[in-house]
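Residue numbers (my numbering): 167 to 457. Beta carbons are placed, not taken as given, at the ideal position from N, Cα and C, and that holds for glycine. Owing to the predicted nature of the structure, the values given are computational and were not obtained by experimental measurement.
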Ligand code: GLU
């Protein structure tokens, strides 16, 4: 299978140069256009169908933020497009499905989406229901506060007082923060999406928002100076691409695509064009975990 894929990639390199490269999300971004995939694989099915459904976030600047054209933009969106392109599916054939944190496993299990790229931390609990390609990025949980508030220095602050923190249902940070709370019922506010936490912070209904540093950085950049990050990262959040449990061939294919994109510059470009606007250091690709 791997050999087949490499052959396909080689064939594709020819296809690519024939149409003069790509860029900008057009048809030139489909290096998989002449690839052939093993019968019965997800890649073959999707390529033949010439459409794919991708779950991502719609309210996270830098990773997945719905634009005026109704389509999301961000690093996750670019990663998803690279994967689709390697199956010969151009970006305009992707159907984007808003996928809040708590529904990610469910939409994969139900087949509502073909894969999820949504700031999605790989962990063992989730692996009971879905499989992950990647990681393609490693974030870490942090705290965001109002810029004029210097009283929150780290998660320990919540144990000492009555301050309130907001996060999202079905997220790893929403779960992890509980160990730092004196009174979970009084101090933890959980919404379905982070943008509601951002509003609550703005309106003084909570004292902090907690999730991955890069998600928070996007909100800080968007806040006109109203918010800042505080303290340091206190977890590791390796981001994976969620696929249907047991679809090992699709997972291997996506892992190959990530490795390739990390080497040929597409990963770096995806970063620079999106989250790189507020975190200019292009991340070093973590080694994919072919578990
Ligand atoms: N990476 C964390 C998670 O997968 C937080 C970000 C999110 O909720 O999407 O739960």
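Range of the contiguous beta strand (DSSP E) that encloses residue 410: Here residue 410 is taken as the residue at index 244 of the chain shown, counted from 1. Note, residue 410: beta strand (DSSP E), 403-410.
Beta strand (DSSP E) segment containing residue 297, residue limits: What you label residue 297 is simply residue 131 of the chain shown in a count that begins at 1. Unbroken beta strand (DSSP E) run through residue 297: 296-305.
Cβ-based neighbour list, residue 225, same chain, cut-off 6 Å, excluding 5 preceding and 5 following: Locating residue 225 in the chain shown gives position 59, counting from the first residue. Answer for residue 225: 359 and 361, listed in chain order.
Three-state secondary structure assigned by DSSP to residue 223: Locating residue 223 in the chain shown gives position 57, where the first residue counts as 1. Reduced to three states, the DSSP call for residue 223 is coil.
Distance cut-off 8 Å: residue 223 Cβ against heavy atoms of the ligand GLU: On the chain shown, residue 223 is found 57 positions in, with the first residue counted as 1. Yes, the beta carbon of residue 223 sits closer than 8 Å to at least one heavy atom of the ligand GLU.
Distance between residue 250 and residue 303 (C-alpha atoms, nearest Å): Here residue 303 refers to the residue found at position 137 when the chain shown is read from its first residue. Here residue 250 refers to the residue found at position 84 when the chain shown is read from its first residue. Roughly 19 Å between the two C-alpha positions.
Under 9 Å between C-beta atoms of residue 330 and residue 372: Within the chain shown, the letter at position 164 stands for residue 330. Within the chain shown, the letter at position 206 stands for residue 372. Yes, the Cβ-Cβ distance between residue 330 and residue 372 is below 9 Å.
8 Å contact criterion, which residue 432 and residue 274 should meet: CB distance rounded: The count along the chain shown starts at 1 and reaches residue 432 at position 266. The count along the chain shown starts at 1 and reaches residue 274 at position 108. Residue 274 and residue 432 do not touch by the CB rule: their CB atoms are close to 24 Å apart, not below 8 Å.
Start-to-end residues for the beta strand (DSSP E) that takes in residue 331: Translated into positions along the chain shown, residue 331 becomes position 165. That run of the beta strand (DSSP E) goes 331-334.
Check whether residue 436 and residue 244 have beta carbons under 9 Å apart: Taking the first residue of the chain shown as position 1, residue 436 is located at position 270. Taking the first residue of the chain shown as position 1, residue 244 is located at position 78. In contact: residue 436 and residue 244 (Cβ atoms closer than 9 Å).
The beta strand (DSSP E) enclosing residue 261, as first and last residue numbers: Here residue 261 refers to the residue found at position 95 when the chain shown is read from its first residue. Run containing residue 261: 260-264, per the beta strand (DSSP E) assignment.
Rounded separation between residue 312 and residue 318 - CA only: Locating residue 312 in the chain shown gives position 146, where the first residue counts as 1. Locating residue 318 in the chain shown gives position 152, where the first residue counts as 1. When rounded, the distance between both Cα atoms is 10 Å.
Three-state class that DSSP yields for residue 328 in the structure shown: Numbered from 1 along the chain shown, position 162 holds the residue referred to as residue 328. Note: residue 328 maps to coil in three-state DSSP.
Euclidean distance between Cα positions of residue 184 and residue 252: Counted from its first residue, the chain shown places residue 184 at position 18. Counted from its first residue, the chain shown places residue 252 at position 86. Residue confidence is low: residue 184 scores 36 on pLDDT, short of 50, so the model does not pin down where it sits. Its coordinate-derived value is still stated next. In a straight line, the C-alpha of residue 184 is about 16 Å away from that of residue 252.
Any non-hydrogen atom of the ligand GLU closer than 8 Å to residue 294 Cβ: Against the chain shown, residue 294 aligns to sequence position 128. Residue 294: no, Cβ never under 8 Å from the ligand GLU.
Touch test, the segment 292-302 against the segment 401-418, Cβ-Cβ under 8 Å, three pairs minimum: yes
Min CB distance residue 401 to chain C below 9 Å: No chain C is part of this structure, which consists of one protein chain only.
Residue 230: first and last residue of the uninterrupted beta strand (DSSP E) it sits in: Here the question's residue 230 lines up with position 64 in the chain shown. Counting along the chain, the beta strand (DSSP E) containing residue 230 begins and ends at 230-232.
Near the ligand GLU: residue 336 beta-carbon under 8 Å from a heavy atom: Residue 336 sits at position 170 when you count from the first residue of the chain shown. Residue 336: yes, Cβ under 8 Å from the ligand GLU.
Option nearest residue 368 by Cα separation, candidates 394, 239 and 446: Here residue 368 refers to the residue found at position 202 of the chain shown. With distances taken between Cα atoms, residue 368 lies closest to 394.
Rounded straight-line distance, which links the Cα of residue 384 to that of residue 448: One-based indexing of the chain shown puts residue 448 at position 282. One-based indexing of the chain shown puts residue 384 at position 218. If you take the alpha carbons of residue 448 and residue 384, they lie about 15 Å apart.
According to DSSP, residues forming a beta bridge with residue 416: Walking along the chain shown from the start, residue 416 turns up at place 250. Residue 416 is not bridged to any residue.
Length of the line joining the Cα atoms of residue 279 and residue 423: Locating residue 279 in the chain shown gives position 113, where the first residue counts as 1. Locating residue 423 in the chain shown gives position 257, where the first residue counts as 1. Near 19 Å, if we compare the C-alpha coordinates of residue 423 and residue 279.
For residue 308, the three-state DSSP class (helix, strand or coil): As a working note, residue 308 is residue 142 in the chain shown. Strand, per DSSP.
Inside the segment 333-372 only - beta strand (DSSP E) runs reaching at least 3 residues: Uninterrupted beta strand (DSSP E) stretches at least 3 residues long and entirely within the segment 333-372 occur at 354-357, given in chain order.
C-beta contact flag for residue 377 and residue 307 at 9 Å: On the chain shown, residue 377 is found 211 positions in, with the first residue counted as 1. On the chain shown, residue 307 is found 141 positions in, with the first residue counted as 1. Result yes, Cβ atoms of residue 377 and residue 307 sit closer than 9 Å.
Per DSSP, cross-strand counterpart(s) of residue 281: Your numbering for residue 281 matches position 115 in the chain shown. DSSP, once it has assigned bridges, lists 220 as partnering residue 281.
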